[in-house]
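Worksheet for the structure shown next.
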Amino acid sequence: MTYYYKLGKIPHKRHTQFRQPNGSLYHEELISIRGFSGVQSLLYHLRPPTQIQKILPERSLSLPFEESGGLRPYHLQTATVAAGGDAVEARVPLMANADICIGVARPTQPMQYWYRFADGDEVIFVHEGSGVLESQYGTLRYKSGDYVVIPTGVLWRIIPDQGIEQRMLVIETYGHIEPPGRYLNNYGQFLEHSPYCERDIRPPDELITHDEEGEFEVRVKARNQITSYIYNYHPLDVVGWDGHLWPFAFNIEDFEPITGRIHQPPPVHQTFEGPGFVLCSFVPRLFDYHPLSIPAPYNHSNVDSDEVLYYVQGNFMSRRGIEVASITLHPRGIPHGPHPGTYEGSIGKERTDELAVMIDTFHPLVLTKYALALEDKDYPHSWISSLNEPIHGVQP
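Numbering (full-length UniProt numbering), first residue to last: 1 to 396.
Encoded structure:
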């Protein structure tokens, strides 16, 4: 993250002797990005984090991509994805390119191991659910509407609250996720006009140091495979840490929308950015207040990007026939816009109650066979209809 935080016990000076009550040294670990020139944190362990006892055979993870059958818009009805497994095993990858993989998950079980994605950062948008993200940085509670951002190098597992349904949008990136640069000053502080700030970002708030021996599994995903490592001590043995790199949660309801007299383009909704993509939040907001404004978006062609929308809840002003947890993909090359009747129907309305997550990628996305199994094949023709047909938003 972009600002300094600390938790637990740390020495006065970095890279100096820091001793345990028995006189032995705590073991310092630097976790950083971009070599030693990016943001970083220093962690202090009871034992060296390098003591691997056993390495289990790796498992290959090639995505089952499908031929698309021609360029067309897609509507994926992911509400029907089966629930089961833990927060990693439950993932259903839907589309990907060299920069990003987008999927969904409906976990029902706690993770019995710890996990690290070593190729980049992850974002888990919690559509429904609550629970705890445990990491070597401490515990971070999550709730519905949270973006949980997990930097590469973080060791974590998710423990869902019992009896609470979980539904997640999962984004793996092959790079690092940051706030848009235009929201920050030269010192990394959020500017006054940014739609959120440091107060809205929740770091881990409790550090529990585990001093336990046994057999503990850590799974690392890298290079399209998962390798399991067995340690004879608990991996969350950190007594303190400080720095700028740590997992955090940001709730979509804390995003303050930017509005104007006429319709504002999608960049005003931008929340995060990463190599080859941007992530935006559509939240309830007042509509445009020019006397002749048309609140619904105009037709547009994504000349340089593929547009993915994940529908969370509410009445999405430009769409009809879309359910909660639906995903639409509008690829570059063909224009898209509001469904018939929604453009005219938005005139005179004062506000929208839509809630959605948008991901624009700057390289083409390829769908998996899992995505095509969820496809609404009538969607490409849904703009051909009478203007008198009823308009439907996202239905719960």
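Where a beta carbon is used, it is the ideal one built from N, C-alpha and C, also for glycine.
Everything numeric in this text was worked out from a predicted model, so none of it was measured.
In chain order, what residues of the same chain have a beta carbon less than 6 Å from the beta carbon of Ile201, not counting five sequence neighbours either side? Indexing the sequence shown from 1 puts residue 201 at position 201. Within the same chain, Ile201 has close Cβ partners Phe248, Phe250.
On a Cα-Cα basis, can you pick out the residue from Pro266, Ser194, Tyr310 that is closest to Asp254?
Position 254 of the sequence shown, counted from the first residue, corresponds to residue 254. Closest by alpha carbon: Ser194.
#### Entry: Closer than 8 Å: Arg59 CB and nearest the ligand COA heavy atom
What this structure holds is no ligand at all, so the ligand COA is not there to describe.
*asked:* So the candidates are Leu76, Ala325, Gln270, Arg182; which of them puts its Cα closest to the Cα of residue 426?
replied: An answer regarding residue 426 cannot be provided, because it is not within the stretch 1 to 396 covered by the chain.
When burial is assigned at 16 or more other CB atoms within 10 Å of the CB, is Pro204 buried or exposed? Here residue 204 refers to the residue found at position 204 when the sequence shown is read from its first residue. Using a 10 angstroms sphere on the CB of Pro204, the tally of other CB atoms reaches 16 or more, which defines it as buried.
Which residues in the same chain have their Cβ closer than 6 Å to the Cβ of Asp360, if we skip the five residues on either side of it in sequence?
Here residue 360 corresponds to residue number 360 of the sequence shown, with the count starting at 1. Counting only Cβ-Cβ distances below 6 Å, and skipping sequence neighbours, we find Val278, Ser305, Glu307.
message: Only counting the same chain, and skipping five residues up and downstream in sequence, which positions put a Cβ closer than 7 Å to that of Gly38?
response: For this step, residue 38 is matched to residue 38 along the sequence shown. The residues are Ser32.
Considering only DSSP beta bridges, list what Asn251 is partnered with. If you number the sequence shown from 1, residue 251 lands on position 251. Looking at the DSSP assignment, Asn251 forms a beta bridge with Asp146.
_Using DSSP's beta-bridge definition, name the partner residues of Asp304._
Locating residue 304 in the sequence shown gives position 304, where the first residue counts as 1. Note: Asp304 sits in no beta bridge, so no partner.
| query | Cβ atoms of Trp156 and Leu133: under 9 Å apart, would you say? | reply | Walking along the sequence shown from the start, residue 133 turns up at place 133. Walking along the sequence shown from the start, residue 156 turns up at place 156. Yes; because the gap between Cβ atoms is below 9 Å, this pair is in contact.
* Asked: When the distance is taken between beta carbons, is His15 closer than 9 Å to Glu29?
  -> As a position in the sequence shown, residue 29 is number 29, starting the count at 1. As a position in the sequence shown, residue 15 is number 15, starting the count at 1. Contact flag unset, no.
Quick one: what's Ser346 bridged to in DSSP? As a first step, residue 346 must be located in the sequence shown, where it is residue number 346. DSSP, once it has assigned bridges, lists no residue as partnering Ser346.
Under DSSP, the beta strand (DSSP E) around Ala373 begins and ends at which residues?
Along the sequence shown, one-based indexing puts residue 373 at 373. Run containing Ala373: none; DSSP gives neither H nor E here.
(message) Per the DSSP calculation, Gly240 is bridged to which residue(s)?
(response) If you number the sequence shown from 1, residue 240 lands on position 240. Partner(s): Gly8, Tyr44.
- request: Flag Gly69 as yes if its beta-carbon sits less than 9 Å from any beta-carbon of chain C, otherwise no.
  value: Absent from the structure is chain C; it holds one protein chain and no more.
Touching by the beta-carbon criterion (3+ pairs, under 8 Å), the segment 323-333 and the segment 77-94: Counting Cβ pairs under 8 Å, three or more are found: they touch.
Open item on the list: Taking its Cβ as the centre, do 16 or more other Cβ atoms sit within 10 Å of Tyr137, making it buried, or is it exposed?
Closed with: The count along the sequence shown starts at 1 and reaches residue 137 at position 137. With 16 or more other Cβ atoms within 10 Å, it is buried.
By the three-class DSSP mapping on this structure, what secondary structure does Pro64 have? For this step, residue 64 is matched to residue 64 along the sequence shown. Look at Pro64 here: in three-state DSSP terms it is coil, with no helix or strand label.
query = Roughly how many whole angstroms lie between the Cα atoms of Asn224 and Ser60?
reply = Residue 224 sits at position 224 when you count from the first residue of the sequence shown. Residue 60 sits at position 60 when you count from the first residue of the sequence shown. Cα-Cα distance, rounded: 6 Å.
* Collapsed DSSP secondary structure at Val268 in the structure displayed -> By 1-based counting over the sequence shown, the position of residue 268 is 268. Note: Val268 maps to helix in three-state DSSP.
For this session: Assuming Glu178 and Phe272 form a contact by the criterion Cβ under 8 Å, report the distance between their Cβ atoms to the nearest whole angstrom.
Result: Counted from its first residue, the sequence shown places residue 178 at position 178. Counted from its first residue, the sequence shown places residue 272 at position 272. Between the beta-carbon of Glu178 and that of Phe272 there is about 7 Å, and that keeps the pair under the 8 Å contact cut.
- Item | Beta-carbon contacts of Pro180 that lie in its chain and below 7 Å, excluding the five residues immediately before and after | In the sequence shown, counting from the first residue as 1, residue 180 sits at position 180. For Pro180, same chain residues with a beta-carbon under 7 Å away, outside a window of 5 residues either side, are Gln270, Glu273 in chain order.
| task | Look at the alpha carbon of Ser382 and the alpha carbon of Pro73, and state the distance between them as a whole number of angstroms. | result | Start at 1 with the first residue of the sequence shown, and residue 382 comes out as number 382. Start at 1 with the first residue of the sequence shown, and residue 73 comes out as number 73. Answer to the nearest angstrom: the Cα atoms are 10 Å apart.
Checking 9 Å against the spacing of the C-beta atoms, do Thr173 and Val123 come in under that value? Taking the first residue of the sequence shown as position 1, residue 173 is located at position 173. Taking the first residue of the sequence shown as position 1, residue 123 is located at position 123. Their beta carbons are under 9 Å apart, which means Thr173 touches Val123 by this criterion.
*Thinking C-beta only, is Gly276 closer than 9 Å to Ala82?*
Counting from 1 along the sequence shown, the entry for residue 82 is found at position 82. Counting from 1 along the sequence shown, the entry for residue 276 is found at position 276. No, Cβ-Cβ distance for Ala82 and Gly276 is not below 9 Å.
- [ ] For Asp86, collect the residues of the same chain with a Cβ closer than 6 Å to its Cβ; drop the 5 residues on either side in sequence, then sort them by chain order.
- [x] For this step, residue 86 is matched to residue 86 along the sequence shown. For Asp86, where only same-chain residues beyond five positions count, the Cβ hits under 6 Å are Pro107, Gln109, Met111.
Between Gly333, Leu286, Val312, which has its C-alpha nearest Val303's C-alpha?
Translated into positions along the sequence shown, residue 303 becomes position 303. When each option's Cα is compared against that of Val303, the closest is Gly333.
TODO: Enumerate in chain order the residues of its own chain whose CB-to-CB distance from Tyr289 is below 6 Å, with the five nearest sequence positions on each side excluded.
DONE: Residue mapping note: residue 289 aligns to position 289 of the sequence shown, counting from 1. Hits under 6 Å: Arg261.
Val126 versus Asn22, Thr209, Gly120, Glu165, residue with shortest Cα-Cα distance = Position 126 of the sequence shown, counted from the start, is the residue given in the question as residue 126. Comparing Cα positions, the closest option is Glu165.
Q: Tell me whether the beta-carbon of Val239 lies closer than 9 Å to the beta-carbon of Tyr26.
A: One-based indexing of the sequence shown puts residue 239 at position 239. One-based indexing of the sequence shown puts residue 26 at position 26. Their beta carbons are under 9 Å apart, which means Val239 touches Tyr26 by this criterion.
| query | Any idea which residues DSSP pairs Trp156 with across the strands? | reply | Within the sequence shown, the letter at position 156 stands for residue 156. DSSP output for Trp156 lists Tyr115, Ser135 as bridge partner(s).
Check your understanding: How is Asp360 classed by DSSP in three states: helix, strand or coil?
Key -> In the sequence shown, counting from the first residue as 1, residue 360 sits at position 360. Under the three-state reduction of DSSP, Asp360 is assigned to strand.
Requested in this report: Leaving aside the five residues before and after Glu212 along the sequence, list all residues of the same chain whose C-beta is less than 6 Å from its C-beta, in chain order.
Outcome: For the purposes of this step, residue 212 is taken as the residue at position 212 of the sequence shown. Closer than 6 Å at Cβ, skipping near neighbours: His234.
- Does the beta-carbon of Leu43 have 16 or more other beta-carbons within 10 angstroms, so that it is buried, or is it exposed? By one-based count along the sequence shown, residue 43 stands at place 43. Classified as buried, Leu43 has 16 or more neighbouring CB atoms from the shown chains inside 10 Å of its CB.
I need the DSSP call for Thr108, collapsed to helix, strand or coil.
Numbered from its first residue, the sequence shown carries residue 108 at position 108. DSSP places Thr108 in coil when its eight states are reduced to three.
Item to complete: Taking Pro266 and Val283 to be in contact with their CB atoms under 8 Å, please state how far apart those CB atoms are, rounded to whole angstroms.
Response: Position 266 of the sequence shown holds residue 266. Position 283 of the sequence shown holds residue 283. That pair is no contact at about 13 Å.
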